[in-house]
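Remarks on the structure that follows.
There are 4 protein chains.
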Amino acid sequence: MVKVTVWNENRHEQKDQEVRDVYPEGIHGAIAAFLENEDFEVRTATLDEAEHGLTEEVLNSTDVLLWWGHIAHEEVQDEIVERVKQRVLDGMGLIVLHSGHFSKIFKTLMGTSCDLKWREANEKERIWIVDPSHPIVEGLGEYIELEREEMYGEHFDIPAPDELVMVSWFQGGEVFRSGCTYRRGNGKVFYFRPGHETYPTYYNVEVQKVISNAVKWAKPTNNTKPVYGNAKPLEKLDGMN
Amino acid sequence: MVKVTVWNENRHEQKDQEVRDVYPEGIHGAIAAFLENEDFEVRTATLDEAEHGLTEEVLNSTDVLLWWGHIAHEEVQDEIVERVKQRVLDGMGLIVLHSGHFSKIFKTLMGTSCDLKWREANEKERIWIVDPSHPIVEGLGEYIELEREEMYGEHFDIPAPDELVMVSWFQGGEVFRSGCTYRRGNGKVFYFRPGHETYPTYYNVEVQKVISNAVKWAKPTNNTKPVYGNAKPLEKLDGMN
Amino acid sequence: MVKVTVWNENRHEQKDQEVRDVYPEGIHGAIAAFLENEDFEVRTATLDEAEHGLTEEVLNSTDVLLWWGHIAHEEVQDEIVERVKQRVLDGMGLIVLHSGHFSKIFKTLMGTSCDLKWREANEKERIWIVDPSHPIVEGLGEYIELEREEMYGEHFDIPAPDELVMVSWFQGGEVFRSGCTYRRGNGKVFYFRPGHETYPTYYNVEVQKVISNAVKWAKPTNNTKPVYGNAKPLEKLDGMN
Amino acid sequence: MVKVTVWNENRHEQKDQEVRDVYPEGIHGAIAAFLENEDFEVRTATLDEAEHGLTEEVLNSTDVLLWWGHIAHEEVQDEIVERVKQRVLDGMGLIVLHSGHFSKIFKTLMGTSCDLKWREANEKERIWIVDPSHPIVEGLGEYIELEREEMYGEHFDIPAPDELVMVSWFQGGEVFRSGCTYRRGNGKVFYFRPGHETYPTYYNVEVQKVISNAVKWAKPTNNTKPVYGNAKPLEKLDGMN
Chain E
1 MVKVTVWNEN RHEQKDQEVR DVYPEGIHGA IAAFLENEDF EVRTATLDEA
51 EHGLTEEVLN STDVLLWWGH IAHEEVQDEI VERVKQRVLD GMGLIVLHSG
101 HFSKIFKTLM GTSCDLKWRE ANEKERIWIV DPSHPIVEGL GEYIELEREE
151 MYGEHFDIPA PDELVMVSWF QGGEVFRSGC TYRRGNGKVF YFRPGHETYP
201 TYYNVEVQKV ISNAVKWAKP TNNTKPVYGN AKPLEKLDGM N
Chain U
1 MVKVTVWNEN RHEQKDQEVR DVYPEGIHGA IAAFLENEDF EVRTATLDEA
51 EHGLTEEVLN STDVLLWWGH IAHEEVQDEI VERVKQRVLD GMGLIVLHSG
101 HFSKIFKTLM GTSCDLKWRE ANEKERIWIV DPSHPIVEGL GEYIELEREE
151 MYGEHFDIPA PDELVMVSWF QGGEVFRSGC TYRRGNGKVF YFRPGHETYP
201 TYYNVEVQKV ISNAVKWAKP TNNTKPVYGN AKPLEKLDGM N
Chain C
1 MVKVTVWNEN RHEQKDQEVR DVYPEGIHGA IAAFLENEDF EVRTATLDEA
51 EHGLTEEVLN STDVLLWWGH IAHEEVQDEI VERVKQRVLD GMGLIVLHSG
101 HFSKIFKTLM GTSCDLKWRE ANEKERIWIV DPSHPIVEGL GEYIELEREE
151 MYGEHFDIPA PDELVMVSWF QGGEVFRSGC TYRRGNGKVF YFRPGHETYP
201 TYYNVEVQKV ISNAVKWAKP TNNTKPVYGN AKPLEKLDGM N
Chain Y
1 MVKVTVWNEN RHEQKDQEVR DVYPEGIHGA IAAFLENEDF EVRTATLDEA
51 EHGLTEEVLN STDVLLWWGH IAHEEVQDEI VERVKQRVLD GMGLIVLHSG
101 HFSKIFKTLM GTSCDLKWRE ANEKERIWIV DPSHPIVEGL GEYIELEREE
151 MYGEHFDIPA PDELVMVSWF QGGEVFRSGC TYRRGNGKVF YFRPGHETYP
201 TYYNVEVQKV ISNAVKWAKP TNNTKPVYGN AKPLEKLDGM N
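Protein chains in written order, with full-length UniProt numbering: chain E, 1 to 241; chain U, 1 to 241; chain C, 1 to 241; chain Y, 1 to 241.
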């Protein structure tokens with residue numbers, strides 16, 4: 001059974017009644033709720049817990065970590081970011097959602113600014129699937145339509161994705177690479193764009209389907225980890241050395 | 001349950017005692033035997049059967065097709081090649097083994113010559129895993145060592161793989177991109193290098209593990225197929241048109 | 001000096017006054033005209049010439065071939081397609097424009113159906129640059145806006161591009177991967193979406209800039225061609241063979 | 001004229017007579033010497049200079065930066081690393097050589113550990129070209145052979161390269177992805193493996209050719225930089241917002 005930890009900054013929910021109205025159990029609560037319907041073992045963790053809820057013990061027993069953050073990226077301690085990064089390189093899957101594009105963990109794994117255009121204007125987003133063969137889009141149609149979302153526009157300053165799975169169309173005239181996979185070390189990373197805190201995006205069953213599929217896709221590959229450092233020759237070096 | 005069809009040219013087995021000694025049930029028989037130990041439904045098909053054993057009915061009920069051919073690529077009818085190609089574009093997985101690099105189906109899906117260097121000199125091959133996060137290498141160590149194999153060397157005239165999973169070292173001084181994934185339409189394609197007919201390569205448990213993993217990886221993604229052709233606008237075009 | 005051949009089907013221009021009004025010298029004439037302002041040696045060739053204007057001699061002295069076709073793809077002889085393909089694999093650059101997505105040469109190099117959604121509705125296209133580091137977008141801004149174009153929409157059934165340079169937004173609600181690079185053999189391939197025959201797209205200076213840049217990018221790499229076939233070992237095989 | 005800065009840690013040269021014997025003008029001196037034969041404007045900079053020789057002024061007038069470091073990666077100030085990174089994201093090319101795989105600048109741009117296997121055993125390296133179409137291998141043959149080099153072996157913990165250009169074979173039984181391109185922001189990055197301080201690798205004319213080609217490939221693309229942050233809609237949002 002895949003062990004999932006849903007991490008949320010959980011600050012909008014404490015400060016803004018509007019957000020609390022949409023996500024009374026927090027964004028993490030809403031995400032955990034639909035993941036529990038799958039064959040996953042689901043926990044949540046939030047910024048204000050000790051060690052942000054991401055102790056060594058929690059991370060070591062996490063197969064896939066989901067990350068939602070927005071207004072408090074800077075409050076995430078560098079030590080915890082480093083710990084999460086090591087776990088990804090060691091094999092843990094990581095799914096970064098929406099405004100998590102600017103999280104320390106995503107930026108450090110990407111090596112770029114991860115900057116983009118944005119606009120809050122209640123506009124329509126249509127997320128087109130450009131790789132229908134990918135397991136992350138299992139069970140979906142040709143696109144996902146969200147009546148109201150925040151706009152994110154190109155240029156999105158990320159490395160070229162290993163696989164580009166989805167591209168968004170926005171009513172205001174922009175496009176965006178919305179579903180991107182990366183491999184880092186032994187771990188798999190998926191960035192998925194939608195999910196502004198004032199919209200009920202995480203109740204959309206197709207968005208939920210993408211996230212559930214991504215958890216399955218991102219679970220660790222169980223094999224012998226590579227060995228690094230000084231290495232003896234595997235072949236005889238013929239006395240020339 | 002994933003439905004697997006193992007296709008083999010099955011000509012060496014009929015002509016060469018040496019090959020029959022290694023693969024008394026044919027290469028297809030040896031591959032089918034270890035795949036049957038997995039949770040797969042396994043059939044075989046060979047060149048000399050009617051329609052090469054690849055009728056519409058067989059292909060339509062195949063999730064993943066494995067392909068081994070060598071000396072009779074030209075005897076495979078173009079019509080059957082086209083049929084297999086359409087099934088791949090429609091979602092069927094395809095695993096091309098060893099000398100299948102020169103099969104019509106692989107060449108037509110790649111768009112290149114698929115040519116390479118080769119040598120039969122009983123030399124050692126060491127297949128290094130360069131993407132340890134990939135599900136195709138689940139359960140493996142850092143490399144697979146084959147005491148005797150045919151050499152295939154670069155330049156291998158293929159499109160850059162979507163994912164490069166394995167690279168071979170050969171005793172005689174060459175390297176080769178030995179595990180390559182591609183997506184074509186709704187289907188997934190995996191090329192895996194080892195498997196010369198005079199060596200017991202398909203009895204190697206690590207080689208078997210790669211092929212079993214590849215079957216799981218290549219199975220079709222179950223979603224709505226894209227619609228092509230003339231399309232009505234999804235947004236109002238404001239009378240300007 | 002880069003030697004460029006602009007190939008055009010040149011049928012719309014003969015049949016439709018509307019197209020002739022836009023491109024009195026043919027689409028090939030319009031493209032050749034702006035390429036001649038660069039440091040290129042430019043020729044044109046069309047379908048109705050002997051061997052479609054693509055003799056061995058012409059191709060052997062072509063560094064980069066541009067391809068525009070639409071209503072007569074099937075009239076292009078298979079033998080000429082094969083000849084062009086061999087030249088690409090041998091190093092010649094190929095730039096496929098707009099409806100050339102359905103040309104025999106593009107489909108055979110891609111290995112997929114190259115199908116897509118389309119609509120002629122005089123709508124706006126905005127081509128966003130998603131890879132600002134790429135030489136093909138030298139001298140451009142963040143996007144190219146075309147007031148009226150034919151719509152092409154996803155899913156575009158191509159292999160994942162080696163490099164995705166541009167993505168289009170369409171007024172009617174679709175997106176499209178509009179600038180895609182591929183490497184095939186020793187040759188480079190660029191697909192560029194815009195250019196419907198009834199619009200003055202090839203007079204747009206930014207579209208011209210992309211095509212000129214693409215010619216420079218696609219020119220052959222001058223090196224020793226790989227050798228294929230049976231190969232002697234480069235290292236001593238220690239008597240074990 | 002492309003402005004090149006060759007950065008070298010320059011510590012082995014001060015401490016080890018053996019290295020000084022091979023590179024009397026320092027590794028930076030040897031690299032600058034052959035680059036000056038090209039149409040480049042070449043400078044050098046070293047660790048022990050003020051700001052490691054990488055002032056804002058120097059970086060702002062550098063098109064392509066080469067980086068060689070080994071035993072003093074930790075002495076490179078984080079502030080300077082950040083400055084170099086910003087210049088890369090802004091468009092400057094970066095060529096990372098050999099043991100620079102463990103430099104702070106390469107690790108921060110990659111997002112992974114960049115770890116590998118290594119061995120100093122005077123063994124043979126054969127660097128195979130796997131993408132003959134790439135401008136970085138212009139003028140080369142099928143491989144570069146180095147009689148004596150340090151071994152670097154897989155797994156090399158890097159993101160999958162955007163383009164894999166070269167793969168090394170080592171006598172002792174390993175392979176390595178030796179020529180790797182990446183795009184980060186507006187900048188291009190090339191990693192090139194060979195160049196251990198005790199071997200005359202940078203006098204090898206084919207190695208020199210690769211580095212010169214890489215400088216040309218990595219030079220900045222001159223275009224409008226993307227704009228990030230809050231963005232007004234480009235299309236009318238129909239009063240719904």
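We treat Cβ as the ideally placed atom computed from N, Cα and C, and that holds for glycine.
A quick note: this is a predicted structure, and the numbers were derived from the prediction, not measured.
Is the Cβ of residue 206(Y) closer than 8 Å to any Cβ of chain U?
Among the residues facing chain U, residue 206(Y) is not included, as its CB has no counterpart in that chain under 8 Å away.
What are the residues of the region 81-112 of chain E that lie near chain Y, defined by any Cβ-Cβ distance shorter than 7 Å?
Taken in chain order, the members of the region 81-112 of chain E whose beta-carbon sits within less than 7 Å of a beta-carbon on chain Y are 89, 108, 109, 110, 111 and 112.
For residue 232(E), the nearest candidate out of 150(Y), 47(Y), 50(Y) and 12(Y) (CA to CA)
The residue with the shortest Cα to Cα distance from residue 232(E) is 150(Y).
Reference residue 165(U), options 210(U), 33(U) and 94(U), closest by Cα:
Put simply, of 210(U), 33(U) and 94(U) the residue whose alpha carbon is nearest the alpha carbon of residue 165(U) is 210(U).
Please identify the residue among 18(C), 205(C), 81(C) and 139(C) whose C-alpha is closest to the C-alpha of residue 111(U).
It is 81(C) whose Cα lies nearest to the Cα of residue 111(U).
For residue 71(C), name the three-state secondary structure that DSSP assigns.
DSSP places residue 71(C) in coil when its eight states are reduced to three.
Hey, which unbroken runs of the beta strand (DSSP E) at 3 residues or more fall wholly within the region 182-217 of chain E?
Complete beta strand (DSSP E) runs here, min 3: 187-192.
Label residue 236(E) either buried or exposed according to how many other C-beta atoms from any shown protein chain fall within 10 Å of its C-beta, with 16 as the threshold for buried.
So residue 236(E) ends up on the exposed side.
With 16 other CB atoms within 10 Å as the buried threshold, where does residue 1(C) fall?
Its Cβ having fewer than 16 others within 10 Å, residue 1(C) is exposed.
Would you call residue 227(C) buried or exposed, if buried means 16 or more other Cβ atoms sit within 10 Å of its Cβ?
Classification of residue 227(C): exposed, given that the 10 Å Cβ count is below 16.
Answer yes or no: does any C-beta atom of chain E fall closer than 8 Å to that of residue 233(C)?
So no, residue 233(C) is outside the interface.
Is residue 5(Y) closer than 8 Å to residue 45(Y) when the C-beta atoms are compared?
Cβ distance < 8 Å, so residue 45(Y) and residue 5(Y) count as in contact.
Quick one: any contact between the region 111-123 of chain E and the region 71-87 of chain E, if contact means 3 or more CB pairs under 8 Å?
The region 111-123 of chain E vs the region 71-87 of chain E: no contact.
Bridge-paired residues (DSSP) for residue 168(E)
The secondary-structure analysis by DSSP pairs residue 168(E) across a beta bridge with 127(E) and 176(E).
Name the residues in the region 130-141 of chain E whose C-beta lies less than 8 Å from a C-beta of chain U; which are they?
Among the residues of the region 130-141 of chain E, those with a Cβ less than 8 Å away from any Cβ of chain U are 131, 132, 133, 134, 135, 137, 138, 139, 140 and 141, in the order of the chain.
Can you give me, in chain order, the residues of the region 166-193 of chain C that have a beta carbon less than 9 Å from any beta carbon in chain Y?
Answer set for the region 166-193 of chain C: 169, 171, 183, 184, 185, 186, 187 and 188.
If the criterion is Cβ atoms closer than 8 Å, does the pair residue 168(E) and residue 127(E) meet it?
In terms of Cβ geometry, residue 168(E) and residue 127(E) form a close pair [threshold 8 Å].
Residue 157(Y) beta carbon less than 8 Å from that of residue 99(Y)
No, Cβ-Cβ distance for residue 99(Y) and residue 157(Y) is not below 8 Å.
Between residue 224(C) and the rest of its own chain, which residues show a CB-CB distance below 8 Å, the 5 nearest in sequence each way excluded?
The beta carbon of residue 224(C) lies closer than 8 Å to none in the same chain, with the five residues before and after it left out.
8 Å is my cut-off, CB to CB: does residue 199(E) come that close to chain Y?
By this cut-off, residue 199(E) is not an interface position.
What whole-angstrom Cβ distance do residue 12(U) and residue 197(U) have, given they're in contact under 8 Å?
Residue 12(U) to residue 197(U), Cβ: 4 Å. Contact.
Got a sec, what are the start and stop residues for the beta strand (DSSP E) residue 87(E) sits in?
In the DSSP annotation of this structure, residue 87(E) is not part of any beta strand (DSSP E); the continuous alpha helix (DSSP H) holding it starts and ends at 78-89.
Using only CA atoms, which one of 201(Y), 183(Y), 178(Y) and 62(Y) lies nearest to residue 191(Y)?
Residue 178(Y) is the option with its Cα nearest to residue 191(Y).
So the candidates are 220(C), 14(C) and 19(C); which of them puts its Cα closest to the Cα of residue 187(C)?
Closest by alpha carbon: 220(C).
Rounded separation between residue 213(C) and residue 206(C) - CA only
Taking the straight line from one Cα to the other gives about 10 Å.
DSSP three-state assignment for residue 3(Y), whether helix, strand or coil
Strand.
For the beta strand (DSSP E) containing residue 45(Y), list its first residue and its last residue.
40-46 is the extent of the beta strand (DSSP E) around residue 45(Y).
Return the CA-CA distance between residue 35(C) and residue 42(C), expressed in angstroms with no decimal places.
CA-to-CA, the gap between residue 35(C) and residue 42(C) works out to about 7 Å.
So what does DSSP say about residue 231(C), is it helix, strand or coil?
In the three-state reduction of the DSSP assignment, residue 231(C) falls in the coil class.
Where the beta strand (DSSP E) through residue 96(E) begins and ends
Counting along the chain, the beta strand (DSSP E) containing residue 96(E) begins and ends at 93-97.
Run the CB neighbour count on residue 203(Y), radius 10 Å, all protein chains shown included, and call it buried at 16 or more, exposed below.
It is exposed - the Cβ of residue 203(Y) has fewer than 16 other Cβ atoms within 10 Å.
Residue 30(C) classed as buried or exposed, judged by whether at least 16 other C-beta atoms fall within 10 angstroms
It is buried - the Cβ of residue 30(C) has at least 16 other Cβ atoms within 10 Å.
Grab me the residues of residue 184(E)'s own chain with a C-beta within less than 7 Å of its C-beta, minus the 5 sequence neighbours each way, in chain order.
88, 89 and 109, listed in sequence order.
Do you know offhand how far residue 63(Y)'s Cα is from residue 7(Y)'s?
In a straight line, the C-alpha of residue 63(Y) is about 13 Å away from that of residue 7(Y).
Should residue 83(Y) and residue 56(Y) be called a contact, given that it needs their Cβ atoms to be closer than 8 Å?
Going by beta carbons, residue 83(Y) and residue 56(Y) fall inside the 8 Å limit.
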